[in-house]
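Single-structure report; data block below.
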Amino acid sequence: MSMRTTPGVRLLPNAITVLAMCAGLSAIQFALNGQLDFAIGSVAVAAVLDGLDGRIARLLDATSKMGAELDSLADAMSFGVAPALTLYAWHMQDNRAGWVVSLIFAVCMVLRLARFNTLLDDAEQPPFAKEFFVGVPAPAAGLLALLPLALTAHFGYPGWWANQPVVMVWMVLIAALAVSRVPTLSLKTVKVPPKLAAPLLVGVALLAALVVVFPLISLAIAMVLYLLHIPYAVYRYQWLSQHPEAWDAAPRERRAIRRRNQRRLGIRPPLRRSMAGAARRVRLPRRPTEPGHPRRSWRRLELRRNRDDY
Numbered sequence: 001m002s003m004r005t006t007p008g009v010r011l012l013p014n015a016i017t018v019l020a021m022c023a024g025l026s027a028i029q030f031a032l033n034g035q036l037d038f039a040i041g042s043v044a045v046a047a048v049l050d051g052l053d054g055r056i057a058r059l060l061d062a063t064s065k066m067g068a069e070l071d072s073l074a075d076a077m078s079f080g081v082a083p084a085l086t087l088y089a090w091h092m093q094d095n096r097a098g099w100v101v102s103l104i105f106a107v108c109m110v111l112r113l114a115r116f117n118t119l120l121d122d123a124e125q126p127p128f129a130k131e132f133f134v135g136v137p138a139p140a141a142g143l144l145a146l147l148p149l150a151l152t153a154h155f156g157y158p159g160w161w162a163n164q165p166v167v168m169v170w171m172v173l174i175a176a177l178a179v180s181r182v183p184t185l186s187l188k189t190v191k192v193p194p195k196l197a198a199p200l201l202v203g204v205a206l207l208a209a210l211v212v213v214f215p216l217i218s219l220a221i222a223m224v225l226y227l228l229h230i231p232y233a234v235y236r237y238q239w240l241s242q243h244p245e246a247w248d249a250a251p252r253e254r255r256a257i258r259r260r261n262q263r264r265l266g267i268r269p270p271l272r273r274s275m276a277g278a279a280r281r282v283r284l285p286r287r288p289t290e291p292g293h294p295r296r297s298w299r300r301l302e303l304r305r306n307r308d309d310y
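The UniProt record's numbering applies: residue 1 is where the sequence shown begins, and numbers increase by one.
Below is the structure:
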């Protein structure tokens, strides 16, 4: 029997989605018991499983409409409801405004997922739009919201980042980024050149070591770096929208188009390598000698001749 028609194989991606939802909701119980590190780890595990279920479904040719709807519902629970209730149970139970902020965060995440589903069927988007997300994705937003909790669990004491006003403002900002139109890069379409494959694998090994030794602070640094990439994503989106000739081009061709546009604007491209030793031989443009204007030569420009000319 083929893999495509095997019922057990078709249920595997949905089973991973259900496990992701259970992991995300378990963060609430850990927060109620004061186990902050386990609460953050539960949401992180849910984010990893959420990234695997769709890819496994495509590899096994087990995609279905039910699986897509189940994935959206699981994301709403794991990265919308779970982080909001986790932060509320951790530090905002005695504040009515904290419950309002938690509701705002959960509702914004549900709206973000609903818009994501509608954009999947939008055929009017430009070809380069598949390289970006509209707003911060749900897994990233859920982990970003838990950043104050991660810092408190790592340092062992609640600093200024754990004050109730700071936590509430932070949750509102992340919710606004989730429902905004700000473009963010999609890792699904990132292409790595072959010459960078080895350094990338070394970086992955280093990241894995940091996660094992310093899991919480590594997660916090990764979230801060993700926020810092947003200005570059906005610049790249605007540049692609203004250059249709680069929509279907390879990364190397896009760089060539960008350099050509810089020359048109009069921007000097950076030198790829520096010259050491004797200066490079300069070819002067040939112009007719005019009366009163001496002929330009290498002696007048104080340039050295090539050694072969001596």
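Just so you know, even glycine gets a beta-carbon here, dropped at the ideal spot from N, CA and C.
Through-space distance from residue j to residue i, alpha-carbon basis
{"i": "PHE132", "j": "ALA44", "result": "22 Å"}
{"i": "ALA138", "j": "LYS188", "result": "15 Å"}
{"i": "VAL224", "j": "SER186", "result": "17 Å"}
{"i": "GLN93", "j": "LYS65", "result": "39 Å"}
{"i": "ALA39", "j": "GLN164", "result": "19 Å"}
{"i": "THR152", "j": "LEU59", "result": "39 Å"}
{"i": "SER72", "j": "ARG96", "result": "29 Å"}
{"i": "ILE217", "j": "HIS91", "result": "20 Å"}
{"i": "ASP53", "j": "ASN14", "result": "7 Å"}
{"i": "ALA74", "j": "ARG254", "result": "37 Å"}
{"i": "ARG115", "j": "LEU206", "result": "36 Å"}
{"i": "ALA233", "j": "ALA140", "result": "15 Å"}
{"i": "ALA62", "j": "ALA68", "result": "11 Å"}
{"i": "PRO148", "j": "LEU70", "result": "29 Å"}
{"i": "SER42", "j": "LEU143", "result": "10 Å"}
{"i": "ALA198", "j": "GLN29", "result": "41 Å"}
{"i": "ALA209", "j": "VAL202", "result": "11 Å"}
{"i": "HIS243", "j": "TYR235", "result": "12 Å"}
{"i": "SER274", "j": "PHE214", "result": "Because SER274 carries a pLDDT of 47, less than 50, the predicted location of this residue cannot be relied on, and the following value inherits that uncertainty. About 40 Å."}
{"i": "ARG112", "j": "TYR226", "result": "18 Å"}
{"i": "PRO194", "j": "ALA246", "result": "21 Å"}
{"i": "LEU12", "j": "VAL110", "result": "25 Å"}
{"i": "VAL212", "j": "SER180", "result": "34 Å"}
{"i": "LYS191", "j": "PRO251", "result": "8 Å"}
{"i": "ALA150", "j": "ALA27", "result": "13 Å"}
{"i": "ILE257", "j": "ILE16", "result": "42 Å"}
{"i": "VAL204", "j": "PRO158", "result": "31 Å"}
{"i": "ALA23", "j": "ARG260", "result": "50 Å"}
{"i": "TRP239", "j": "LEU200", "result": "26 Å"}
{"i": "LEU49", "j": "LEU196", "result": "27 Å"}
{"i": "ALA162", "j": "LEU25", "result": "22 Å"}
Opposing strand residues paired with residue i [DSSP bridges]
{"i": "LEU185", "result": "PHE132"}
8 Å contact criterion, which residue i and residue j should meet: CB distance rounded
{"i": "VAL182", "j": "GLY135", "result": "6 Å"}
{"i": "ALA31", "j": "THR118", "result": "Wrong, their Cβ atoms sit about 32 Å apart, outside the cutoff."}
{"i": "LEU146", "j": "PRO83", "result": "6 Å"}
{"i": "ALA47", "j": "CYS108", "result": "Not quite, the Cβ-Cβ distance comes to about 18 Å (not below 8 Å), so this is no contact."}
{"i": "VAL166", "j": "TRP160", "result": "7 Å"}
Of the listed residues the options, nearest to residue i (C-alpha basis)
{"i": "TRP99", "options": "CYS108, TYR88, MET109 and VAL107", "result": "TYR88"}
{"i": "MET21", "options": "ALA176, GLY159, GLY80 and VAL167", "result": "GLY80"}
{"i": "LEU36", "options": "VAL172, LEU60, HIS154 and ALA178", "result": "HIS154"}
{"i": "ILE56", "options": "LEU210, VAL9, ALA47 and LEU149", "result": "VAL9"}
{"i": "VAL249", "options": "LEU12, ALA68, PRO127 and LEU25", "result": "Here residue 249 turns out to be Ala, not Val, going by the sequence shown. Considering only alpha carbons, the answer is PRO127."}
{"i": "ALA106", "options": "LEU196, SER78, GLU124 and LYS130", "result": "SER78"}
{"i": "GLY156", "options": "GLY34, ALA27, TYR237 and VAL110", "result": "GLY34"}
{"i": "HIS229", "options": "ILE257, LEU240, LEU196 and THR184", "result": "THR184"}
{"i": "LEU103", "options": "ALA129, ALA76, GLN125 and ALA150", "result": "ALA76"}
{"i": "ALA129", "options": "ALA178, SER241, PRO251 and ALA27", "result": "SER241"}
{"i": "LEU177", "options": "GLY51, PRO231, GLU124 and ALA150", "result": "PRO231"}
{"i": "residue 311", "options": "GLY51, LEU49 and GLN125", "result": "Only positions 1 to 310 of the chain appear in this structure, which leaves residue 311 out of reach."}
Say whether the segment 214 to 221 touches the segment 163 to 179, bearing in mind that this needs 3 or more beta-carbon pairs closer than 8 Å, one atom from each stretch. no
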